[in-house]
Amino acid sequence: MSPQQIDLVQRSFNEVKPIAAAAAALFYKRLFMLDPSIRPMFKGEMTKQGQMLMSMIGAAVVGLRNLEKLAPVLRQLGARHAGYGVNSAHYVTVGSALMWTLDESLGDKFTPEVRDAWAAAYDLLSDVMELGAMEPAEARRAVMAA
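If you read the sequence shown in my numbering, its first letter stands for residue 6, the second for the next number, and so on.
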């Protein structure tokens, strides 16, 4: 990601922060509409889940300027999500729901440049999470092969 893209993501997320609860509700509504099979993965209260989502996105957005520090956190998050049953197809669905939510939340401020910046950010963040999701499986296979 370019520094300009990081700046666009960070500035646009600051626009979403004041409506974080509504944005999270929009996100989950869209996510479950796109793939109803994901809904059973969420056992807790959705308002709290939305707060955790927005907090996680906020931390990731800030961390885009320090990927060395962010990457281990994302790998752990990916490994934890693999334990919940999240697979590669889910990352595509989540990305689609996220982009739709940003479009709905930002309106005219979700310009093509902002969209491209968020797409680059999500690709980067989800790729690192997916690597983390694979690490435990690879470690288990290595132990079983020994």
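Even for Gly, the Cβ is constructed at its ideal location relative to N, Cα and C.
Per-residue burial, residue i [other beta carbons within 10 Å of its own, 16 or more giving buried]
i      : result
Ala29  : buried
Arg80  : buried
Gly137 : buried
Arg16  : exposed
Leu75  : buried
Met57  : exposed
Ala26  : exposed
Ala64  : exposed
Arg145 : Unreliable placement is indicated for Arg145, whose pLDDT of 43 sits below 50; the coordinate value is still reported in the next sentence. When all chains shown are included, Arg145 counts as exposed.
Leu31  : buried
Val148 : At Val148 the pLDDT is 43, less than 50, meaning the model places this residue with poor confidence; the figure from the coordinates comes in the next sentence. With fewer than 16 other Cβ atoms within 10 Å, it is exposed.
Endpoints, alpha helix (DSSP H) assigned at residue i
i      : result
Leu39  : Ala25 to Leu39
Glu50  : Note, Glu50: premise wrong, no alpha helix (DSSP H); not H, not E.
Met104 : Ser93 to Leu111
Arg16  : Pro8 to Val21
Anticipated Cβ contact below 8 Å, residue i with residue j, distance rounded
i      : j      : result
Thr98  : Ile43  : 7 Å
His86  : Met134 : 7 Å
Leu111 : Val21  : 7 Å
Gly55  : Tyr33  : 7 Å
Gly90  : Met46  : 6 Å
Arg35  : Thr116 : Actually they do not touch by this definition, with Cβ atoms about 20 Å apart.
Residue from the options with nearest C-alpha to residue i
i      : options                          : result
Ala102 : His86, Arg120, Glu20 and Ser7    : Arg120
Met6   : Met134, Phe32 and Trp123         : Trp123
Phe18  : Val78, Ala84, Gly49 and Asp108   : Asp108
Ser131 : Thr106, Phe115, Ser110 and Asn92 : Asn92
Leu13  : Ser60, Glu118, Tyr96 and Glu140  : Glu118
Thr140 : Phe37, Pro77, Leu31 and Ile24    : The amino acid occupying residue 140 in the given sequence is Glu; Thr does not appear at that position. It is Pro77 whose Cα lies nearest to the Cα of Glu140.
Met38  : His95, Leu72 and Asp113          : His95
Pro23  : Met59, Gln9 and Lys53            : Met59
Residue i - DSSP class collapsed to helix/strand/coil
i      : result
Arg85  : helix
Gly70  : According to the sequence displayed, residue 70 carries Arg and not Gly. DSSP places Arg70 in coil when its eight states are reduced to three.
Met61  : helix
Leu115 : For clarity, residue 115 is Phe in the given sequence; the question names Leu instead. It is coil, neither helix nor strand.
Gly90  : coil
Chain C contact for residue i (CB, 9 Å cutoff)
i      : result
Thr116 : The chain labelled as chain C is not found in the depicted structure, where only one protein chain is given.
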